[in-house]
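Count along the sequence shown from 1, then add 190; that gives the number in our numbering.
From the three backbone atoms N, C-alpha and C, an ideal C-beta is built for every residue, glycine too.
In what follows, a single structure is set out as structure tokens and then discussed.
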Amino acid sequence: MSRVAPVDVLIAGGGPIGLATAVEAALAGLSVRVLEPRPAPIDKACGEGLMPTARTALARLGVHPRGREFAGIRYLNAAGTRRAEARFRAPTRTPRTTRTARTAETWHGLGVRRLELSSALTARAVELGVELVAELAPPPRPDAGGGDVVQVGRHRARWYIGADGLHSPTREALGLNGPGPRRERRRYGLRQHYRLAPWSDLVEVYWSPHAEAYVTPVADDLVGVAVLCPGGGSYASWLAEFPALRDRLDGAAPASAVRGAGPLRQNVIRRVDGRTLLVGDAAGYVDALTGEGLAMGLRSAHELIACLLADRPQDYEAAWRRTTRRYRWLTGGLVAVAARPPLRRALVPAASRLPGVFATIVDQLG
């Protein structure tokens, strides 16, 4: 197998964060090659909601996917009899402090089909000269010719980035997997679309005793419904736990097949191994409960390329921990609450009784 021309950055995985990392690198003047065996656009089971910060990060990269705006988040119990809602408020910085304040101005997220997001990122990467190769990335190894490059099959690069998903082969090959979640805490995601006009300009999150259902408007005539659950049942059986949502969907035609992903939680020992670095879900994942996965991945991609430009890949570990700290604490805390039945039952009523607290949490998510 003949070698190909070396590049600055070689990326395993052409999902959203792999492509976003490629765009970041190309905008910084680096040569980039992405190895992805699946043809674009690539689909995945996810909630498909871009938080306002994720939308802003994509715009900075010159990526503007089509979708349907949403203005905040609404929590409901399974019967739909209790609810709490909050709208995103745009952040500002006052001249006398570095603390972030919130204005009353509405700050919108965007519901985007994963296929549309994949297409928009792929087009931007190609526009910037990123080389896309339809190839499965083999495990990386140090180059025999010296320690300043990484050899991956027939490819050589100054840096190698594993952006190959929840069950990253790169992470596994380097022995960077941490201990898995206890069996009772394994959670999975299932998603299907329905041909139905959105009935709200908010993302709705329904809470049942054992699962959550996310309703995201993704087009004027389409909603995505993602269920987060312990697994062990069909999508239809989990959807039956939400009678209010089931009534909303009654008679609506499914517009896609059910897709699944999981287990969601992925513990990682570290994200840097010499000149190989991990980003996105491959770098570690807590849960989809707060919908921040893409926003955190985009921020991490920005930090990763900044570390490479400084020729200090070792700094990325601390940068990743700093960038994802709020997400890990908030999501981990909410997952811990959701795992305890008494607290889980009290969550929506408490959010309803304490709207200011709920609005603050939504601001943090945005």
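Among the candidates 216, 550, 411 and 227, whose CA atom is the shortest distance from the CA of residue 301? The candidate whose alpha carbon is nearest that of residue 301 is 411.
Classify residue 449 as helix, strand or coil using the three-state DSSP reduction. Of the three classes helix, strand and coil, the one that applies to residue 449 here is strand, per DSSP.
Does the separation of the CB atoms of residue 222 and residue 197 fall below 8 Å? In this structure, residue 197 lies closer than 8 Å to residue 222 by Cβ.
Should residue 453 be listed as close to the ligand SAH, given that the test is whether its C-beta is under 7 Å from any heavy atom? As for the ligand SAH, it is missing from this structure, which has no ligand bound.
Quick check on residue 294: does DSSP put it in helix, strand or coil? Unreliable positioning characterises residue 294 in this predicted model, as indicated by a pLDDT of 47, which lies under 50. A coordinate reading is not provided.
Option nearest residue 531 by Cα separation, candidates 400, 246, 509 and 345: Closest in C-alpha terms to residue 531, from the list 400, 246, 509 and 345, comes 400.
Opposite residue 379 in the DSSP bridges: which residues? Residue 379 is bridged to 418 and 451.
If you count every other CB in all the chains shown that lies within 10 Å of the CB of residue 483, and 16 or more means buried, which is it? Buried is the call here.
With the cut-off set at 8 Å, would you say residue 450 and residue 380 are in Cβ contact? Against a cut-off of 8 Å, the Cβ pair of residue 380 and residue 450 comes out as a contact.
Helix, strand or coil at residue 314 according to DSSP, with G and I counted as helix: It is helical.
Would you decide whether residue 201 is buried or exposed? Buried here means 16 or more other CB atoms lie within 10 Å of its CB. Its Cβ being crowded by 16 or more others within 10 Å, residue 201 is buried.
Spell out a yes or no on whether the segment 385-394 and the segment 515-531 are touching, meaning 3 or more CB-CB pairs, one atom from each, closer than 8 Å. Contact between the segment 385-394 and the segment 515-531 is not established, with fewer than three Cβ pairs separated by less than 8 Å.
Run through DSSP, which three-state label would residue 306 get? When DSSP states are grouped into helix, strand and coil, residue 306 belongs to the helix group.
Please state if the CB of residue 315 and the CB of residue 297 are separated by a distance shorter than 8 Å. No; because the gap between Cβ atoms is not below 8 Å, this pair is not in contact.
Could you tell me if residue 294 is buried or exposed, where buried requires 16 or more neighbouring beta carbons within 10 angstroms of its beta carbon? Bear in mind that the predicted position of residue 294 carries a pLDDT of just 47, short of 50, making it unreliable; the figure below should be weighed with that in mind. Residue 294 is exposed by the Cβ-count criterion.
On a CA-only basis, which of 510, 229 and 342 is nearest residue 312? Give me that one, please. Measuring from the Cα of residue 312, the nearest candidate turns out to be 229.
Stretch-stretch touch, CB-based, cutoff 8 Å, three pairs: the segment 339-347 with the segment 260-271: They do not touch, by the three-pair rule.
Beta strand (DSSP E) runs wholly inside the segment 212-252, at least 3 long, in chain order: For the segment 212-252, whole beta strand (DSSP E) runs of length 3 or above, ordered along the chain, are 222-225.
By DSSP, does residue 330 sit in helix, in strand, or in coil? Here residue 330 sits in coil by DSSP.
Please classify residue 351: is it buried, with 16 or more other beta-carbons within 10 angstroms of its beta-carbon, or exposed? Here residue 351 is buried. Its C-beta has 16 or more other C-beta atoms within 10 Å.
Taking 8 Å as the limit between beta carbons, can you name the residues of its chain near residue 496, skipping five residues before and five after? 509, listed in sequence order.
Please report the Cβ distance between residue 326 and residue 225, rounded to the nearest whole angstrom; I am assuming they are in contact, meaning their Cβ atoms lie under 8 Å. Confirmed, about 7 Å.
So, helix, strand or coil for residue 198, using DSSP? Collapsing the DSSP output to three states places residue 198 in a strand.
Out of 261, 494 and 273, which has the shortest C-alpha to C-alpha gap to residue 240? Ranked by Cα distance from residue 240, the first of 261, 494 and 273 is 261.
Nearest residue (CA-CA) to residue 494, options 203, 210 and 394: It is 210.
Span of the beta strand (DSSP E) around residue 263: Residues 262-267.
Pairwise C-alpha distance: residue 436 and residue 444: For residue 444 and residue 436, the distance between alpha carbons rounds to 13 Å.
Should residue 194 be labelled buried (16 or more other beta-carbon atoms within 10 Å of its own) or exposed? Residue 194 is exposed by the Cβ-count criterion.
Report the rounded CA-to-CA distance for residue 238 versus residue 529, giving the unit in angstroms. Across the structure, residue 238 and residue 529 are spaced so that their CA atoms are roughly 24 Å apart.
By the 10 Å Cβ neighbour count, where 16 or more other Cβ atoms means buried, how is residue 466 classified, buried or exposed? Residue 466 is classed as buried because its beta carbon has at least 16 other beta carbons within 10 Å across all chains shown.
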